[in-house]
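Per the working numbering, the very first residue in the sequence shown carries number 2; after that it's consecutive.
Each residue gets a CB set at the ideal place from its N, CA and C atoms; glycine is no exception.
A short write-up of the structure that comes next.
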Amino acid sequence: MSQTERTTSPETKASPWWQRIPLTLQILIALVAAVSVGIALGAGNPNPSNAALINNLAIPAELVLKALRALATPLILVAVLHTLMTTNIPGTAGRRLAVLLLTNTTVAILVGLFVANVLRPGTWGNVNTSTTTAITAQSLDPWGILKDAVPEAVLKPLVDNNVIQLIVIALSFGIVLRGLKSEQIAQGKNGFQPIEDVIGILFEAVVRVLNWVIALVPFAVFGIVAKTVAMQGFTPFKSLGAFIVAVLLALVLQACYYLTRVKFGSWVHPLKFLAGGSDAFLTAFSTSSSAAAMPITFEVLQTKVGLRESSAALGALVGANFNNDGTALYEAMSALYISQVIGQHLSLGQQLIVILTSIFASVGAANIPNAGLVTMTLVFTSVGLPTQYIALLVTVDWFLDRCRTAINVMGDMTVSALLDGKKPHSVDEA
Ligand code: ASP
Numbered sequence: 002m003s004q005t006e007r008t009t010s011p012e013t014k015a016s017p018w019w020q021r022i023p024l025t026l027q028i029l030i031a032l033v034a035a036v037s038v039g040i041a042l043g044a045g046n047p048n049p050s051n052a053a054l055i056n057n058l059a060i061p062a063e064l065v066l067k068a069l070r071a072l073a074t075p076l077i078l079v080a081v082l083h084t085l086m087t088t089n090i091p092g093t094a095g096r097r098l099a100v101l102l103l104t105n106t107t108v109a110i111l112v113g114l115f116v117a118n119v120l121r122p123g124t125w126g127n128v129n130t131s132t133t134t135a136i137t138a139q140s141l142d143p144w145g146i147l148k149d150a151v152p153e154a155v156l157k158p159l160v161d162n163n164v165i166q167l168i169v170i171a172l173s174f175g176i177v178l179r180g181l182k183s184e185q186i187a188q189g190k191n192g193f194q195p196i197e198d199v200i201g202i203l204f205e206a207v208v209r210v211l212n213w214v215i216a217l218v219p220f221a222v223f224g225i226v227a228k229t230v231a232m233q234g235f236t237p238f239k240s241l242g243a244f245i246v247a248v249l250l251a252l253v254l255q256a257c258y259y260l261t262r263v264k265f266g267s268w269v270h271p272l273k274f275l276a277g278g279s280d281a282f283l284t285a286f287s288t289s290s291s292a293a294a295m296p297i298t299f300e301v302l303q304t305k306v307g308l309r310e311s312s313a314a315l316g317a318l319v320g321a322n323f324n325n326d327g328t329a330l331y332e333a334m335s336a337l338y339i340s341q342v343i344g345q346h347l348s349l350g351q352q353l354i355v356i357l358t359s360i361f362a363s364v365g366a367a368n369i370p371n372a373g374l375v376t377m378t379l380v381f382t383s384v385g386l387p388t389q390y391i392a393l394l395v396t397v398d399w400f401l402d403r404c405r406t407a408i409n410v411m412g413d414m415t416v417s418a419l420l421d422g423k424k425p426h427s428v429d430e431a
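This is how it looks when you write it as structure tokens:
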């Protein structure tokens with residue numbers, strides 16, 4: 002770490018020893034400790050005298066989930082406003098970019114839902130559903146969705162956790178602020194600057210609070226796993242294992258889709274794309290953050306894959322802010338998985354609502370670790386799924402986040418390759 006970073010980051014300097022243990026390791030330690038405690042408390046045959054203690058083990062996970070739900074809407078709002086105010090999107094290329102982003106994300110969600118519908122991972126183990134509230138039956142009502150997309154008050158979506166309304170508000174104000182900024186720049190004014198700075202600071206603030214919550218995830222994992230093992234033994238983990246396999250399979254299928262698109266829609270050879278992008282994929286996997294991988298993605302697209310700077314910038318720097326296909330796929334699969342776990346069938350109409358909200362939730366998911374887990378609460382709310390079941394997913398999110406982040410980055414790179422077109426750099430510029 003450089004001297005400047007050290008002086009500007011007092012949190013790092015003052016961090017206690019346990020915060021210096023990587024989060025993944027903390028979670029793994031929590032898992033091992035939780036399994037031991039769960040076995041000691043009965044492993045499926047709990048002693049009734051321990052009932053209160055076992056129930057209280059779920060408290061950290063409940064608190065973490067409440068905090069994640071509370072942070073979801075402000076995170077989406079400031080992330081979208083921040084991106085719209087600070088990125089540079091040229092006109093026609095911007096429209097092409099939007100179409101590519103939308104198609105890739107829709108395909109990702111369809112792939113996820115397809116795999117989850119075929120493998121039905123939620124039915125592979127018996128998870129106790131006694132504490133669940135039933136899903137309110139909802140059928141697809143396009144006019145209802147359209148009518149509901151406009152909130153009754155500007156701040157209402159923030160309170161109601163309504164992701165579609167929130168994105169409508171965020172996009173409207175973001176586009177207007179962006180327009181005002183361009184007008185002011187053209188007139189040589191800079192009145193927009195304080196607003197841009199405030200939005201930037203608010204974004205940073207929400208991310209820092211989110212980091213506090215994430216720091217508590219090992220406790221949540223410990224509590225929820227210990228409680229589950231104590232009450233139900235290891236059966237529920239069979240279904241979680243099946244869920245991991247299903248998500249990995251869907252992510253691999255999505256990667257195949259990208260390679261096919263690259264092969265037929267750009268001049269880049271898929272193998273060169275894979276080899277050239279490896280540094281970016283590995284950075285994404287090891288940091289769980291496509292924002293952290295962004296500079297590397299931008300760099301390798303130019304130096305190793307050989308794309309033009311403009312295409313690399315549009316996909317890796319601009320698109321990356323909105324394009325989280327791996328996240329969208331994961332959120333849709335999680336909703337379906339939990340509906341299978343609790344034995345509540347999601348109708349086709351409800352799955353369409355899941356598709357729509359997953360698109361919006363992934364657009365709003367910031368490119369930071371666990372952001373997908375935060376916005377997932379909104380997808381669940383949209384179809385009336387109980388969000389307390391996300392606690393189950395917290396136990397595997399540390400790993401699946403890495404995998405979906407690598408796919409998020411691959412999606413950005415695919416968009417860059419497609420924008421670069423069918424003629425290689427040298428031929429075009431010759
Ligand atoms: N960690 C992911 C990313 O940075 C977002 C997510 O949590 O899905 O792209």
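Could you tell me whether the region 306-316 touches the region 406-421, where touching means 3 or more Cβ pairs closer than 8 Å?
As far as the Cβ criterion goes, the region 306-316 touches the region 406-421, which means the pair count is three or higher.
In the DSSP assignment, the alpha helix (DSSP H) including Arg403 goes from what residue to what residue?
Arg403 -> alpha helix (DSSP H) spans 391-421.
Following the continuous alpha helix (DSSP H) through Gln255, name the residue where it begins and the one where it ends.
Counting along the chain, the alpha helix (DSSP H) containing Gln255 begins and ends at 236-266.
Going along the chain, which residues of its own chain have a beta-carbon closer than 6 Å to the beta-carbon of Ala35, five neighbours each way excluded?
Excluding positions up to five away in sequence, the list reads Phe223, Val226, Ala227.
Taking 8 Å as the cut-off, is the beta-carbon of Leu296 closer than that to any non-hydrogen atom of ligand 1?
Note on identity: in this sequence residue 296 is Pro, with Leu being the wrong assignment. No; taking the cut-off as 8 Å, the Cβ of Pro296 has no heavy atom of ligand 1 nearer than that.
In angstroms with no decimal places, state the Cα-to-Cα distance between Phe299 and Lys305.
Cα-Cα distance, rounded: 10 Å.
Can you list, in chain order, the residues of its chain whose CB lies under 6 Å from that of Pro75, leaving out five sequence neighbours each side?
Once the five neighbours on either side are set aside, the close Cβ partners of Pro75 are Val207.
Is it a yes or a no for the region 324-336 touching the region 344-362, going by three-plus beta-carbon pairs under 8 Å?
The answer is yes - the region 344-362 touches the region 324-336, with three or more Cβ pairs under 8 Å.
Comparing the CB of Tyr259 with every heavy atom of ligand 1, is any distance shorter than 8 Å?
Because no heavy atom of ligand 1 lies under 8 Å away, the Cβ of Tyr259 does not count as near it: no.
Would you identify the three-state DSSP class for Thr132, choosing helix, strand or coil?
Note that Thr132 scores a pLDDT of 45, beneath 50, so its modelled location is shaky; the value from the coordinates is reported in the next line. If DSSP states are grouped into helix, strand and coil, Thr132 belongs with coil.
Can you find a heavy atom of ligand 1 that lies under 8 Å from the Cβ of Asn51?
Because no heavy atom of ligand 1 lies under 8 Å away, the Cβ of Asn51 does not count as near it: no.
Tell me whether Ser335, by its Cβ, gets closer than 8 Å to a heavy atom of ligand 1.
Ser335: no, Cβ never under 8 Å from ligand 1.
Hey, Ile28 and Pro219 are a contact pair by Cβ (cut 8 Å); roughly how many whole angstroms apart?
Confirmed, Cβ separation roughly 5 Å.
Looking only at its chain, what residues have a beta carbon closer than 6 Å to the beta carbon of Leu401, apart from the 5 residues adjacent to it on each side?
The answer, listed in chain order, is Val248.
Report yes or no: do the region 273-290 and the region 150-162 share at least 3 C-beta pairs separated by less than 8 Å?
No: fewer than three Cβ pairs fall under 8 Å.
What are the boundary residues of the alpha helix (DSSP H) that Glu153 is part of?
Taken as a continuous stretch (DSSP letters only), Glu153 belongs to no alpha helix (DSSP H), as it is neither H nor E.
Hey, is Pro370 close to ligand 1, as in C-beta under 8 Å from one of its heavy atoms?
Yes; taking the cut-off as 8 Å, the Cβ of Pro370 has a heavy atom of ligand 1 nearer than that.
In this structure, does DSSP put Pro1 in helix, strand or coil?
This structure cannot settle anything about residue 1, because the visible part of the chain is limited to 2 through 431.
When DSSP labels each residue in this structure, what does Ala44 get in the three-state scheme?
Note: Ala44 maps to coil in three-state DSSP.
As a quick exercise: from Asn409, Leu308, Gly385, pick the residue whose alpha carbon is nearest that of Lys424.
Selected option, being the one with the closest Cα: Leu308.
Please give the ranges of any alpha helix (DSSP H) in the region 268-326, keeping only runs that are unbroken, at least 4 residues long and fully inside the region.
Listed in chain order, the complete alpha helix (DSSP H) runs (minimum 4 residues) inside the region 268-326 are 271-288, 291-304, 310-314.
For Val269 and Thr284, I'd like the C-alpha separation in whole angstroms.
Roughly 22 Å separates the two Cα atoms.
CB of Tyr338 to nearest heavy atom of ligand 1: below 8 Å?
Outside the cutoff, so no.
What are the complete alpha helix (DSSP H) segments, minimum 4 residues, inside the region 92-124?
Complete alpha helix (DSSP H) runs here, min 4: 92-120.
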